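The end of the sequence shown is residue 174 by full-length UniProt numbering, with every number in the run present. A short write-up of the structure that comes next.
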Amino acid sequence: VIFISLYITALALYVYRNRETLDAKRLIYHDKRWKGLLYMIIMLWEAHGYYWHGYEVDGLHRIPKEGPALIVYYHGCIPLDHFYLMTKIILYKKRFIRSVGDHFLFMVPGSKTLMKELHVLAGPVDECVKLLNEGNLLSIAPGGCREGLFGDNRYKLMWNNRIGFAKVAVEAKV
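Next comes the structure, spelled out in structure tokens:
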């Protein structure tokens, strides 16, 4: 209990200390309470990545402030890298990433709301291309659940013949 209390205190202090840098006042006290709560959760994830894992992004400047981009990533058991990258992009680029998720995510009780608010879609290629053509950021983990279940700490890619992400990139010209 003491460890958890100290950890929560450290997270809160991180958020408070960085509130100007992250433009937290504008983000947390948003017009719509739901979005304000979402930004507060995002800031807690940012703090968690910093304190628990020392998470940093090298090359964040390469993510465009506007226009489309496709982000292809390794899917670990729990894709924390992706969660942390999402928080960095939301906080520092003021953009949301649309993510492709497995169909089963939408069938887990209680997860539909979370998937909607985190901009996750079960999208086929044409839907992904449409999102990119509209100027969105899109992330895809070609290894998906298989990579998450059977991957290890060596980050060996398990993409097999998964080429949907490449079709998306070619068709959307990103």
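Cβ coordinates follow ideal geometry from the N, Cα and C atoms, glycine included. These figures come from a predicted structure and were not determined experimentally.
Taking residue i as part of the beta strand (DSSP E), name the residues at either end of that continuous run.
| i | result |
| --- | --- |
| A141 | Premise fails: A141 is in no beta strand (DSSP E) and is neither H nor E. |
| V72 | A69 to V72 |
| K129 | According to the sequence provided, residue 129 is Val. The question's Lys does not apply to it. It is not in any beta strand (DSSP E) - V129 instead sits in the alpha helix (DSSP H) that spans V125 to N133. |
| residue 177 | There is simply no residue 177 to check, as the chain begins at 1 and stops at 174 in what is shown. |
Taking 7 Å as the threshold (C-beta atoms), are residue j and residue i in contact?
| i | j | result |
| --- | --- | --- |
| S139 | I71 | yes |
| V120 | K88 | no |
| S137 | I97 | In the sequence as presented, Ser is not what sits at residue 137; that position holds Leu. Their beta carbons are under 7 Å apart, which means L137 touches I97 by this criterion. |
| V100 | L132 | no |
| residue 182 | Y55 | Since the first residue shown for the chain is 1 and the last is 174, residue 182 is missing from the structure and cannot be characterised. |
| A172 | V129 | yes |
| A141 | H53 | no |
Alpha helix (DSSP H) containing residue i: first to last residue?
| i | result |
| --- | --- |
| L80 | L80 to K88 |
| L157 | Where L157 is concerned, there is no enclosing alpha helix (DSSP H), given that its DSSP letter is neither H nor E. |
| V170 | G164 to A172 |
| M115 | S111 to E117 |
Straight-line CA distance for residue i to residue j?
| i | j | result |
| --- | --- | --- |
| W159 | F165 | 10 Å |
| L37 | L44 | 11 Å |
| K112 | L105 | 8 Å |
Output yes if chain B places a C-beta closer than 7 Å to the C-beta of residue i; else output no.
| i | result |
| --- | --- |
| R98 | Considering every chain present, this structure includes no chain B. It has just one protein chain. |
Between the Cα of residue i and the Cα atoms of the options, which residue gives the shortest distance?
| i | options | result |
| --- | --- | --- |
| Y73 | N161, E171, V170 and E147 | E147 |
| R95 | G59, E66 and V168 | E66 |
Between residue i and residue j, how many whole angstroms is the CB-CB distance? I'm expecting something under 8 Å.
| i | j | result |
| --- | --- | --- |
| K93 | I63 | 6 Å |
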